[in-house]
Structures are given as C-alpha cells and as structure tokens.
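**Q** Questions regarding the structure given below will be posed in turn.
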Ligand code: ADP
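Numbering (the working numbering), first residue to last: 9 to 194.
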C-alpha cells in the first residue's frame, strides 16, 4: 500500500515519475490533468467546463476537482492498493478537502514528494512538450498560478512532517530511484 501526493511545478516530471512508480508497484495513478483531458476529448459537460479554464492556464474550480477526486478515492482499487495523486491538491482548499476525505477513509498520507525544478528548465521542457496548453503565454500564467496557489502547499505539508524534496533535473531513472528511496521501497 502506497499513499502519496506528487507536488511540484508544471513540467517538473510529476506525471512521468508518478506513472513509473504506479506501474512498478501496482498502485492506482490518479492524475487530475489526465482525467480532465479525457473529459475534454469526450466532449462531456465536465470537459467543456474544464477546457475553458485549461485553455487559459487557470485552475478548474475547487468544488469540481474535489468532487472528481472524492469519487475516484472511493473506488475499491484505492482501498486495496492506495494511490498516487498527481496534480491534486493544487490549492489549500483542495489540500484541506483531501485531509478530510483521507480521514474518513482512515487512509493517512505516507509522504508528499515535492519535485523541484528550476524555472528556466520548466519553460524549456513545456515548450518542447507542445501540448495544447503549452504555449508561452499559457505557460507563463500556469507558472504564476502555481506560485500563487500551489507553492504554499510545500509549507503546508512540510509542517505536517510529510514533505520530501527531490531535485527533478537529471536522468529520469536516477530521479525514480531517489523517489523510491524516499518512499522506503529500496
Ligand atoms: P501540468 O503539466 O501543468 O502540471 P496537468 O496536466 O496536471 O498540468 O493539468 C493541466 C491543467 O488541468 C491545469 O493547468 C489546470 O487547468 C487543470 N487542473 C489539473 N489539476 C487541477 C487541480 N487539482 N485543480 C484545478 N485545476 C486542475
């Protein structure tokens, strides 16, 4: 059973690393970005709403995201194997809602992995990735939103004694190893 949150700026490699750990240890990988992009592709009501925020690099409203996560965390695979949260929480309100959900499930967080990457490297990576919301203007806004709304979670989890900071620049495999060590899997 693994119960972790991956935290870090856009382009830090959260998705890549979260997926590797999830596959290796058979733990559900829950990415709010993936869930929202799937909804956009399917053209559902959620997708239409999400797209209007994602296109500007803004956050989808807390209530919407909290509802999605609450439903996902109530699934049996989570109860059995835990979870790797990638892209949630992204605001203090989401973090507090997560605390409440995990309390109700009696599944306290093991760790929060904070993948730290320098700003210049982030912009370089995101421009190279070329996703629909990876244009320079939207990236700039996502970084601002990250600094204003998500970065405060670093201290929130540090104060709870859950934070492990890992430098996210270098070989992908090396970073995965550091994460595994932080999770006590090696
Ligand atoms: P990134 O690569 O920037 O970390 P993600 O794939 O995690 O991007 O998310 C893409 C977009 O989806 C975000 O810019 C935001 O609009 C929306 N989103 C994802 N997760 C959340 C969340 N927890 N709260 C609000 N919006 C979210």
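Every residue gets a Cβ at the ideal spot worked out from N, C-alpha and C, and that includes glycine. Source: prediction; values computed, not measured.
1) Considering only DSSP beta bridges, list what residue 14 is partnered with.
2) Would you say residue 103 and residue 161 are within 7 Å of each other, going by their C-beta atoms?
3) Taking 7 Å as the cut-off, decide whether the C-beta atoms of residue 130 and residue 51 are in contact.
4) Check the DSSP bridge columns for residue 175 and list the partner residues they point to.
5) Is residue 155 close to the ligand ADP? I mean its beta-carbon at under 6 Å from any heavy atom of the ligand.
6) In angstroms, rounded to a whole number, what distance separates the CA positions of residue 167 and residue 155?
7) Between 141, 46 and 193, which has its C-alpha nearest residue 65's C-alpha?
8) Using only CA atoms, which one of 9, 176 and 145 lies nearest to residue 84?
9) What does the Cβ neighbour count give for residue 108, buried or exposed, with the cut at 16 atoms within 10 Å?
10) Can you give me the Cβ contacts of residue 30 inside the same chain, cut-off strictly under 8 Å, excluding the 5 residues immediately before and after it?
11) Assuming contact is defined by CB atoms lying nearer than 7 Å, are residue 177 and residue 125 in contact in what I supplied?
12) Within 10 angstroms of its Cβ, does residue 189 collect 16 or more other Cβ (buried), or is it exposed?
13) Is residue 39 helix, strand or coil when you go by DSSP?
14) Report, in whole angstroms, the separation of the C-beta atoms of residue 73 and residue 96, which I expect to be a contact under 8 Å.
15) Is it the case that the Cβ atoms of residue 98 and residue 158 are separated by a distance below 7 Å?
16) Please classify residue 165 as buried or exposed, where buried requires at least 16 neighbouring CB atoms within 10 angstroms.
17) Identify every run of the alpha helix (DSSP H) within the stretch 23 to 68, keeping only runs that are complete inside it and at least 4 residues long; order them along the chain.
**A** Well, looking at it:
1) Per DSSP, 94 and 121.
2) yes
3) no
4) 124
5) no
6) 18 Å
7) 141
8) 9
9) exposed
10) Correct list, in chain order: 36, 37 and 92.
11) In contact: residue 177 and residue 125 (Cβ atoms closer than 7 Å).
12) Residue 189 comes out exposed.
13) strand
14) 6 Å
15) yes
16) buried
17) 40 to 50 and 53 to 62
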